[in-house]
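The numbering of the sequence shown is full-length UniProt numbering, which starts it at 1 and goes up by one.
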Amino acid sequence: MQQPQHFGRMRPLDEYDISIKTGFLPASPPLRRLLDPYFTPWEEMMDDFNGLLLAGKLREKVLKMPLLDHNKLKSVQEYRRAFLILCMVSHSYVWGKHETTSETLPPNLAIPWTSIADHLGLCPVVCHAAVVLWNYRLLDKDGPIDLSNLAALATYSGSLDESWFYLITTAIESSGAPCLSQITYAIENIHQGKYNDLKQNLETIHTALANMNNDLKRMYEKCDPYVFYWKIRPYLAGWENMAEAGLPLGLIYEGVDTLWNAQTDEYADMSHLDEAERLLSQYRRYAGGSAAQSSLIAALDVAFGVEHHRTGEKPSFIKAADLPNDRYTKLPATNPADEINNGAETPRTPPRFKRTNRNTFLRAMRKYMPRPHREFLEDLEEAANIRPYILQLEENDKNGNISSEELEIVNAYNECLHQLKLFRDKHVQIVTLYIVNQARKGPNIPHGGFAIEKKQQQQHQQQQQKQEQPHETEKTTGPQIKSTTSSSSAHNDLYPQTQLETQPGIRKDSKADKVSQMFPQLGLARKLASDAKVVRGTGGTNVMPFLKQSRDETADMKIRLNSDEEQIKKEEQEDGKQQQQQQQQEEEESKASWSDWILRR
Ligand code: HEM
């Protein structure tokens with residue numbers, strides 16, 4: 001006999017820092033400034049930082065900035081504002097504007113950023129919460145949180161495209177806000193047997209999801225894919241898998257020099273370590289900002305019991321053996337010192353993922369969500385009884401024992417999943433246009449004089465190949481791997497974060513160079529085989545298997561009832577047609593340009 005399932009109960013939403021009205025967005029708009037004059041140096045930096053970055057003066061100015069005490073921040077709103085400031089200034093400091101990547105973050109940024117991140121339950125790196133949840137203002141303070149009334153507080157590039165990119169996501173969070181209370185009501189209604197109310201909960205979630213889809217479709221309107229890929233995305237990059245950008249070990253958080261253990265998230269005394277060990281322990285690797293860190297989409301998955309597997313594990317889709325060993329299948333340790341100690345993989349991965357989410361990447365994204373939101377997802381995993389209830393109805397149906405009301409509930413559940421699948425369909429199209437196509441085409445550098453033309457670049461590469469393989473000129477196939485201390489390829493000097501990931505760009509005499517010599521077991525100096533499968537542009541085509549699998553896993557959760565035979569046949573025909581169309585569309589999209597999209601609207 002099947003054991004009865006036990007479900008946990010949720011705490012009230014406000015205990016997870018969730019508002020019934022605004023969801024994961026704060027109940028009132030984020031602070032526009034820190035008013036305490038003590039923090040003037042940070043706010044002044046914000047006033048000027050786009051200009052300073054453009055003028056190449058940002059690093060100089062940062063180095064003159066005082067080290068401020070984060071303990072003087074009073075409210076959570078102030079902590080969030082401070083976190084946003086430090087995300088903006090620190091990523092600009094590290095990546096610069098056409099400057100060499102900085103491998104170190106000075107103490108006046110690193111120390112407060114790390115402490116403030118700890119306070120908020122985040123990592124000291126840019127994340128969805130910083131640029132989407134805490135980075136907007138309302139043009140009319142009494143108006144709605146939608147695209148007709150939103151402006152961004154801060155952008156790296158100073159462009160409207162970047163504002164639009166964040167604001168679309170803010171609008172999605174706002175449209176999706178009703179889902180959170182409805183999910184908790186649905187759970188309670190199942191406990192109490194109030195099935196009519198449950199149907200209404202599902203219908204409200206369905207409407208919210210449809211609104212989210214409408215918001216997502218508007219990404220094309222004001223965010224140019226070229227600007228996104230080449231001007232915005234580089235600043236959102238973190239320091240995990242960034243060897244090619246000159247950060248093979250991650251970033252040194254200067255002054256945060258108590259020994260930090262990523263597994264336990266605790267600090268220890270470092271006095272017993274020698275200089276090299278101390279240096280190594282200061283490195284941290286974090287993924288960059290991504291809407292994959294949105295707790296909203298994750299909450300919907302958990303609520304509906306959408307099962308996510310390791311990429312490639314879903315046999316009908318793609319064989320794991322054919323996939324590259326990349327960030328979507330395996331993540332490096334946050335602190336490279338752990339690789340020497342015990343080969344740890346994904347630190348601080350929340351332990352309780354019993355039910356649905358077994359995808360390495362999606363799980364890892366949770367440590368980049370604010371602590372209360374992460375706790376909401378963890379508790380929801382214990383409490384989510386919607387899918388088990390629907391599966392019970394499916395069982396009733398098999399026994400010829402389902403009422404018309406129950407049928408309606410199953411249909412409402414299926415409709416919600418369908419909307420979530422449509423969201424992922426659109427998202428796959430967006431990623432094709434905004435990332436895959438851009439990575440394939442390469443930067444379209446005008447006659448600015450600061451980059452070399454394609455022809456010259458080819459000559460440059462040929463020359464380099466000759467130098468590196470004087471005896472093997474005839475049998476080269478894949479992209480060429482350079483020696484570990486060579487400079488990056490010509491045009492990508494401007495955008496180091498978009499380099500090929502197999503080129504460990506360790507600068508001679510850099511700290512990473514020193515550390516890699518001291519710890520050869522880290523394997524940084526390894527020269528990879530030229531036919532290594534992992535070769536691809538950062539965030540390029542390798543992301544697609546992951547995203548398409550995630551979409552297909554959503555569609556797979558739909559329930560097919562026997563009593564709906566007619567409906568099933570119709571759906572199967574439609575699904576077949578849809579799959580064909582989708583494949584065709586995806587092929588066309590891989591060739592499409594942004595103007596095609598705009599004209600097609
Ligand atoms: C120009 C727009 C966008 C681009 C280029 C983009 C790109 C990506 C990429 C590359 C990933 C893979 C994970 C990573 O490498 O970070 C991803 C995942 C994801 N993105 Fe986006 N994204 C965009 C907009 C959005 C928006 C507006 C949302 C809404 C919340 C969103 C939600 C997600 C989610 C939930 C995932 C995790 C995969 C999944 O659950 O299916 N993205 N996105």
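Even for Gly, the Cβ is constructed at its ideal location relative to N, Cα and C.
What number of angstroms, rounded off, separates the C-alpha of residue i from the C-alpha of residue j?
i: Leu105; j: Asp509; result: 18 Å
i: Asn211; j: Ala129; result: 21 Å
i: Gly576; j: Asn414; result: 18 Å
i: Arg285; j: Ala110; result: 14 Å
i: Ser92; j: Ala555; result: 40 Å
i: Ile390; j: Ser90; result: 47 Å
i: Val306; j: Asp36; result: 46 Å
i: Ser563; j: Cys416; result: 20 Å
i: residue 602; j: Glu188; result: Because the chain in this structure spans residues 1 to 601, residue 602 falls outside the shown range and cannot be described.
i: Phe423; j: Gln578; result: 15 Å
i: residue 633; j: Pro112; result: Because the chain is modelled from 1 through 601, residue 633 falls outside the range shown and cannot be assessed.
i: Cys127; j: Met219; result: 19 Å
i: Leu86; j: Glu254; result: 14 Å
i: Tyr283; j: Asp274; result: 15 Å
i: Ala55; j: Ala364; result: 36 Å
i: Asn385; j: Phe7; result: 7 Å
i: Arg81; j: Glu103; result: 25 Å
i: Val428; j: Val76; result: 35 Å
i: Lys514; j: Gln585; result: 49 Å
i: Gln580; j: Gln573; result: 11 Å
i: Gln582; j: Asn196; result: 36 Å
i: His373; j: Tyr166; result: 19 Å
i: Ser404; j: Asp397; result: 11 Å
i: Arg9; j: Pro144; result: 32 Å
i: Pro225; j: Leu53; result: 22 Å
i: Ala276; j: Gln517; result: 10 Å
i: Thr170; j: Leu25; result: 8 Å
i: Glu345; j: Asn335; result: Residue confidence is low: Glu345 scores 41 on pLDDT, short of 50, so the model does not pin down where it sits. No coordinate-derived value is stated.
i: Gly96; j: Gly288; result: 16 Å
i: Leu63; j: Lys57; result: 10 Å
i: Leu433; j: Gln192; result: 47 Å
Can you tell me which residues form a DSSP beta bridge with residue i?
i: Thr104; result: Ile252
i: Leu138; result: Leu150
i: Gly23; result: Ser19
i: Arg284; result: Leu251
i: Met242; result: Leu247
Between which two residues does the beta strand (DSSP E) holding residue i run?
i: Ala152; result: 150–152
If residue i sits next to residue j, beta carbons under 8 Å apart, how far is it from one beta carbon to the other, in whole angstroms?
i: Pro29; j: Leu147; result: Not quite, the Cβ-Cβ distance comes to about 15 Å (not below 8 Å), so this is no contact.
i: Leu377; j: Ser295; result: 6 Å
i: Thr155; j: Gln182; result: Their Cβ separation, rounded to whole angstroms, is 33 Å, which puts Thr155 and Gln182 out of contact at 8 Å.
i: Glu43; j: Leu34; result: 6 Å
i: Ala177; j: Lys21; result: 6 Å
i: Leu68; j: Phe39; result: 6 Å
i: Phe361; j: Phe546; result: 7 Å
i: Leu420; j: Leu300; result: 6 Å
So residue i is in the alpha helix (DSSP H); what residue range does that whole segment cover?
i: Phe546; result: 543–556
i: Leu54; result: 40–55
i: Tyr185; result: 177–192
i: Lys231; result: From DSSP, Lys231 is part of no alpha helix (DSSP H); its letter is neither H nor E.
i: Ser92; result: 76–95
i: Cys416; result: 404–431
i: Ile386; result: 386–398
i: Ile435; result: No alpha helix (DSSP H) holds Ile435; DSSP gives it neither H nor E.
i: Asp513; result: 511–518
i: Arg374; result: 371–383
i: Glu203; result: 195–217
i: Val132; result: Neither: Val132 is in no alpha helix (DSSP H) and is coded neither H nor E.
i: Leu561; result: Unbroken run through Leu561: none, as it is neither H nor E.
i: Glu99; result: It is not in any alpha helix (DSSP H) - Glu99 carries neither H nor E in the DSSP assignment.
i: Arg59; result: 58–64
Looking at the C-beta of residue i, does it have a partner C-beta in chain C at a distance below 7 Å?
i: Gln192; result: Of the protein chains in this structure there is only one, and it is not chain C.
Given 6 Å as the limit, tell me if residue i has its C-beta closer than that to any heavy atom belonging to ligand 2.
i: Thr432; result: With respect to small molecules bound, the structure shown includes ligand 1 and not ligand 2.
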